[in-house]
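In the numbering used here, the protein residues as written are -17 to 399.
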């Protein structure tokens, strides 16, 4: 496991912008994930550990893109139709070495190798047969309907760059270039726990003054969607010595320790002291709402992140801080999220110097433009603002007022994870 520098999370006390957060993560955090080789069937969602090179041309030989007739373009008449004898029949199962040179036209099928010398294919619906000859219309350009060898990708070219989180289309390209397995980064090992005597596991009786632990359920689901191996350490009670021991134990065989709540300076907030006893801890103050307070640190070789306690703040900070942090630790390329523009169907006022994320639902306006409607309740503890909305509207740092009709950035929930 790569070691984190003692000062990797150090930053001044002023509010940090999202851009500063991302820059600090990229500049100071090492890749901690190892490398393993997995079968192609298990590669989806994993992170490429190195550049994946094409082992062969794709396609590996020149072939027809359509069912039709292959010809030498130089044999076509400059004006009017060209009549050529059909002298060969080439199916996709015929190898390039078996495709015979033609003297005239060859009946050819999609994916079949082009016969030597042929460079153009007429679609079968554009021609007319007359006995053993084919009538070809004028005007088709040389090279039409023919796929040259290596048109998609050439042998030796980078098919998949190191750091890409592999998608089904990447797996398909790896298969097309001859790879049966791929080198990928090992999954990040994340220790997840909640703290607080008031927390009760879902399904158990709910005593007076207690609440069900919902953050850990959400965080576990989000972490797994990000490809992590999650160790659910359950709810840890407010016992300073026990917290210190459990955090130190978790650091020995995890890359990241993640919790929510319990990291402020109150008398019953013991996580801060526990982390400081086992490692180093700093507080980041982010210029975002919800989610301003965040605890970051290092325990042994593991990173520690203490998220806010309110579920919407947990969701936002997971998206904009923990997600890129995990990408860096896991060796993934940093790929900024690309919001779409929608039209605000609500007025809003906010402070300058702070980026706000407002839960909204979308609906088409009378003119066909997509309108964003603000969820009626703003609270950072309102879980239904996440379940009953379509995503987050982002209001920039320097914006102080949004008027109805303004265009604003929107992140759909489906894009985020």
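Don't be surprised by glycine CBs; every beta carbon is placed ideally from N, CA and C.
- Excluding the 5 residues flanking it on each side, residue 48 has same chain C-beta neighbours closer than 8 Å at 92, 103, 105, 106 and 127, in chain order.
- Under the three-pair Cβ rule at 8 Å, the segment 363 to 381 counts as touching the segment 337 to 355.
- For the pair residue 31 and residue 166, the CB atoms are nearer than the 7 Å cut-off.
- Residue pairing by DSSP puts residue 46 in a beta bridge opposite 128.
- In the structure shown, the three-state DSSP call for residue 229 is helix.
- For residue 319, the closest alpha carbon among the candidates 329, 232, 305 and 295 is that of 305.
- The shortest C-alpha to C-alpha distance from residue 62 to any of 333, 87 and 120 is the one to 120.
- Cβ contact annotation for residue 387 (same chain, cutoff 8 Å, sequence separation greater than five): 325 and 326, in chain order.
- Residue 236 is a Cβ neighbour of residue 284, given a cutoff of 7 Å.
- Of 131, 218 and 377, the smallest CA-CA separation from residue 94 is found for 131.
- Three or more Cβ pairs drawn from the segment 308 to 318 and the segment 143 to 152 lie within less than 8 Å of each other, which places the two stretches in contact.
- By the CB criterion at 7 Å, residue 224 and residue -9 fall outside the cutoff.
- Of all C-beta pairs linking the segment 58 to 75 to the segment 349 to 356, fewer than three are shorter than 8 Å, placing the two stretches out of contact.
- The segment 51 to 65 makes no contact with the segment 10 to 26; the number of CB pairs closer than 8 Å stays below 3.
- Using a Cβ distance threshold of 7 Å, residue 136 and residue 55 do not count as a contacting pair.
- Residue 23 carries a helical assignment under DSSP once its states are collapsed to helix, strand and coil.
- By the CB criterion at 7 Å, residue 290 and residue 197 fall outside the cutoff.
- Beta-bridge partners of residue 340 (DSSP): 375.
- Contact annotation, residue 238 with residue 170: C-beta distance approximately 6 Å; criterion of less than 8 Å satisfied.
- Note that the segment 224 to 234 does not touch the segment 194 to 210; fewer than 3 beta-carbon pairs, one per stretch, sit closer than 8 Å.
- In this chain, the beta strand (DSSP E) harbouring residue 262 covers 262 to 267.
- In the structure shown, the three-state DSSP call for residue 148 is coil.
- The C-beta separation of residue 100 from residue 52 comes to about 4 Å, placing the pair in contact by the 8 Å criterion.
- In terms of Cβ geometry, residue 265 and residue 298 do not form a close pair [threshold 7 Å].
- Listed in chain order, the alpha helix (DSSP H) runs fully inside the segment 286 to 335 are 293 to 299 and 305 to 311, counting runs of at least 4 residues.
- For residue 334, same chain residues with a beta-carbon under 8 Å away, outside a window of 5 residues either side, are 379, 380, 381 and 382 in chain order.
- Around the beta-carbon of residue 273, 16 or more other beta-carbon atoms lie within 10 Å, marking it buried.
- Counting along the chain, no alpha helix (DSSP H) covers residue 362, and no H or E run does either.
- Residue nearest to residue 133 within the set 90, 348, 36 and 181 is 36 (criterion: CA-CA distance).
- Apart from sequence neighbours up to five positions away, the residues of its chain that approach residue 152 with a beta-carbon distance below 6 Å are 142, ordered along the chain.
- Annotation for residue 27: 147, 148 and 209 place their beta carbon closer than 7 Å to its own, counting only its chain and skipping 5 residues before and after.
- In this chain, the alpha helix (DSSP H) harbouring residue 200 covers 197 to 207.
- Sequence-distant partners of residue 110 (beyond 5 residues in either direction) whose C-beta falls short of 6 Å from its own C-beta, in its chain, are 117.
- The three-state reading of DSSP puts residue 279 in strand, counting E and B together.
- Just measuring C-alpha positions, the residue of -13, 84 and 11 sitting nearest residue 309 is 11.
- Using a Cβ distance threshold of 7 Å, residue 193 and residue 242 do not count as a contacting pair.
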